[in-house]
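Scroll down for the structure; my scribbles are underneath it.
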Amino acid sequence: MARYGFFIKFFIILFISFIILLKYGIKVGSFELGGVNLDQLYIKLDKKLIVRAQNIKIPSIKKEEQKDSSDYLLSITDSAVWLDRLFEEISLNNVQIGDAKIKILYKDDIFFVDSPYFGIDVRFSKESQNGVDTFSVQNLALKDFNVTINGSGSADIKHKKYAFVGDFVSHELSGKIEIALANQIVRYRALDIKADSLKNFIAALDEKFDLSDDVKNWIYGYIIAQEYTVNEMNGKFDLKNENFYLNDLNATAVAKNLKVKFEKTLDAVDVEQANITLKDGKLHFDLINPVYQKRQLNGSDLVIYNIFDEKTAGLSLNIKTRSLYDGVINDILKAYGIKIPINQTAGKMDADLNLDIKFDTSQVIANGEFKPTDATIDIAGAKFKSKSADVKLINSDRLSIVAKDFGMDFFKADARTMLDLNTSTGHIKGMIKELALNGGSEEILALKDKELDAQLDFSGKETKLKLVNFGVDMSFGDENTISAQNGDELLKYSPLLQNVGVKNLANLNVKTKDFENLDIEAKGVKFDLPFYKKDGSRYDSDDFTIKVGKNAVSGLTASGNARFIAQNKDVNITTNDLNLRVDTNSTDETKEQNFALNLHAKNADIVIADINKTLPFVNFSATKKGSSISLNGLPKQGRVGLFKDKKSLNLDATDISGEFVNQLFGIQSFEGGKFRLKIVGSGTKEFKGEARFYGTHLRDYIFYQRLLSFLNSIPSLLSLKTPDFNDKGFTIENGKILFEKNGSVINFLAIELVGSSADIGGRGTIDLATKKINIDLELKILKDASSIIDKIPLVNQIILGKDRSLSTVIAIRGTTDKPEYSTQVLQDTLLSPLKLIRNVLQAPFLIFE
């Protein structure tokens, strides 16, 4: 022990000597050793140490991590307990450690530090209560955060607990702040923060915390306000490990007069105010009165979630609107590469759209629900109307539509569909409640309560809709098309085509821009119409070109034989070189219709099937409505009018030729002349009629030729052959025939044929069923026959009248195919057929009068 005593004594003496030196003070004018420079150093120990130095320069011995303001704050709080215990004064004007320059002052309870990252100017109170000192902070600068604080606080230095209340300024922000520090944890609460911009503040946050570009842009960039107010922000910070506990950061704020961009390429949304909340790492913006291109988006908000985690951060954008869901709103989705084939042009809308945007992967998932009412909606280029609909966007790539009273102007359906937005296709199921494609008042297509099974394809430039159960393909674009390769399926639902007699339809193609004006091509049309070609074959097939307008439907055949126009419940048909076949006795009620069918025919014959007669016309017009038929025709000569319904028949022909009469009655009796014919009755089985004619020849091969043969066979009658009996036939200057028909029997009430030298009168019947004839004719020479009477043997067959005319009666019996002639003896000239005829002609039968 003795051998160590010297060294112990030495160190004791050295320490006592150092204390004695400190008591008197140590001054060093200049000192340099090992890179350490001291300039005007003064150290003295009174009750406490006094340390002064003008300059102290200490080289960095090793490379240290760069310190920030939190490091300095931690160092000060850790060593604050020794400051007052050991030092009376510290005055270090310039301490340079490496490249860092620091100024430290402590005297009279004032503590001042200035460094590159940290600065503090504190005044401590003279007295403490219960070990707690109070102080005022003239300035506390966290320079790397650009935060400046002033206020007052308290310090329990022994237990390292601090509290502070004051004001702060950071970049564009200013407000009040409350801070509590204990156990190296800083808890802070900022109040009433005001700012007119966040640009520099966000830039500083980004530099400190390395925010993702998307988070930074959404906090300030895509969202910019003219005024910011943070009602409160609170959080905590671990000074030791520099943990800011960002997910525990809470804040409420209000921003006014905002410009919000849902995507950088889009126009900004004007927002009157945004209520902002930060909690659990989510920054929520509740938008008040947002307006996007004059569309109200009330109820919309956006949330930046996992805001402090670059890998999982993202945006939830919720857009709500009661404005039309048109292209303006749709552009928001398009900006994120999502194409929704819906565009609303009229009606009401309740829309709720959510976009979930992953910042790290740029993945966007869209979900939404759209509820239009009384709306006009463009779906993939096809314009529809809907009473109500529920449209759901599912995970960006599917679109579900359930619609009521959904369709276009010409159809209405209840439908549901699921569209695949990746393939741009969909399947539609539902019920067609009504389909009415009209041209004016004409029903081109009419369906009710029919099942709907359709496929939608909007992958190309034009949208395609296939009605599977009807075999119809539709295409919507600048020009809309409808095609049916099996036209018979549509024919079942076309009143117009059925009304005009169409029975089969091979295929149909329609072009239209507005579904009001249609251009239709119908191929392989087969119809059941009473038309025949001039060669006698039926005209029952053709191709049609049809135009549908707002007020009418018109059509033209490929052959040019027919055209039609349907308008105001009338169907007008014009034919060329086609004969019309009619059955005047038809009672088929199924052929009746509640529209007028008007026929205008050129170079046409009318074939009357029930009486096997053919009437040639240059042109005629006929109308059929219900059971009534009317006709006005122009043969080569004269005019013919006809009206017939269930209860009446009326035929009126004026100035028609003998040839036309022959064809009308199926005879070869007349040549030339002019005829007037009138028939009235209840139908073709019962009627009465009158015929008048002028300047014609009676030349029926059977009747006339056999009459001539009969006259030639009797010498006493041979002299009755006057010039009126010639090779052309019996010349008639004028004549009348009164007749009536009852069933199959035609009763000739009176026949009067007046020639230049002879008259023929008669009466009788013909049974059309049995062809039996029972007619009596009287031949009378009208000229004075006195010059030849002496030469004619007066026999029973010859009657000499008081006017010295000659006459005889000829009875015609047998059949129309084989008539038999004989003379009769008249005992009383009062029974003469001519006298009876004149009595009839004077009766009130004359229907012309």
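Add 164 to a position in the sequence shown, counting from 1, and you land on the number used in the numbering used here. For glycine and all other residues, C-beta sits at the position ideal for the given N, C-alpha and C.
- Rounded to the nearest angstrom, the Cβ distance from K420 to Q390 is 6 Å, consistent with a contact under 8 Å.
- When only Cα atoms are considered, H335 and I366 end up about 9 Å apart.
- Its chain contains G837 as the residues whose beta carbon lies nearer than 6 Å to that of G859, once the 5 sequence neighbours on both sides are disregarded; these appear in chain order.
- Within the same chain, L655 come within 8 Å of Q662 by CB-CB distance, once the 5 residues on both sides are set aside.
- Per the C-alpha coordinates, the member of V528, I772 and S552 positioned closest to Q508 is S552.
- Secondary structure of A922 (DSSP, three-state): strand.
- Taking a cut-off of 8 Å on C-beta distances, the segment 389-404 touches the segment 350-360, as three or more cross pairs fall below it.
- Going by DSSP, I349 is part of the beta strand (DSSP E) stretching over I349 to A359.
- In the assembly as shown, R863 is a buried residue. Its beta-carbon has 16 or more other beta-carbons within 10 Å.
- Taking 8 Å as the upper bound for CB-CB distance, E607 and K576 are not in contact here, some 15 Å apart.
- Here the segment 581-593 lies against the segment 493-513, with 3 or more beta-carbon pairs under 8 Å apart.
- Taking the Cα positions, L620 is about 43 Å away from F695.
- The segment 619-698 contains, as complete beta strand (DSSP E) runs of 3+ residues, the segments 627-631, 636-640, 644-648, 666-676, 682-691 and 695-697 (chain order).
- Distances from the CA of N347 to each of G317, G339, D331 and N405 were compared; the closest alpha carbon is that of N405.
- Out of N531, E626 and L693, the CA that lies nearest to the CA of Y703 is found in L693.
- Spanning the alpha carbons of G822 and F839 requires a straight line of approximately 7 Å.
- Excluding sequence positions up to five before and after F807, its CB lies within less than 6 Å of the CB of S794 and N814, all in the same chain and listed in chain order.
- Taking L442 as reference, the option from F251, K547, S785 and L466 with the minimal CA-CA separation is L466.
- Counting along the chain, K423 sits inside the beta strand (DSSP E) bounded by residues N414 to V424.
- Boundaries of the beta strand (DSSP E) harbouring K522: I506 to K522, taken from the DSSP string.
- Within the segment 810-875, the runs of beta strand (DSSP E) at least 3 residues long that lie entirely inside it are, in chain order, 813-820, 838-845 and 850-862.
- For a cut-off of 8 Å, the C-beta gap from S785 to N796 is around 5 Å, short enough to register as a contact.
- Judged by beta-carbon spacing, I646 lies beyond the 8 Å limit of L616, meaning their Cβ atoms are not closer than that value.
- The C-beta distance from N518 to A530 rounds to 7 Å, short enough to meet the 8 Å contact threshold.
- A contact is defined here as three or more CB-CB pairs under 8 Å, and the segment 558-570 fails this definition with respect to the segment 665-676.
- It is roughly 26 Å from the alpha-carbon of A760 to the alpha-carbon of F679.
- Going by DSSP, E406 is part of no alpha helix (DSSP H) at all; its letter is neither H nor E.
- N453 carries a strand assignment under DSSP once its states are collapsed to helix, strand and coil.
- In the structure shown, the three-state DSSP call for G978 is strand.
- Taking C-beta separations shorter than 7 Å and ignoring five residues to either side along the sequence, the partners of K425 in its chain run Y386 and A432, following chain order.
- Within the DSSP secondary-structure output, S560 pairs in no beta bridge.
- Fully contained in the segment 263-330 are the following beta strand (DSSP E) runs of length 3 or more, in chain order: 264-271, 274-278, 282-293, 296-306 and 311-320.
- CA-to-CA, the gap between I937 and I915 works out to about 15 Å.
- Counting only the Cα atoms, E474 lies some 36 Å from V277.
- About 11 Å separates the CB atoms of I729 and V712; that is not less than 8 Å, and the two are not in contact.
- Separation of D706 and K810 (C-alpha to C-alpha, rounded to the nearest whole angstrom) is 33 Å.
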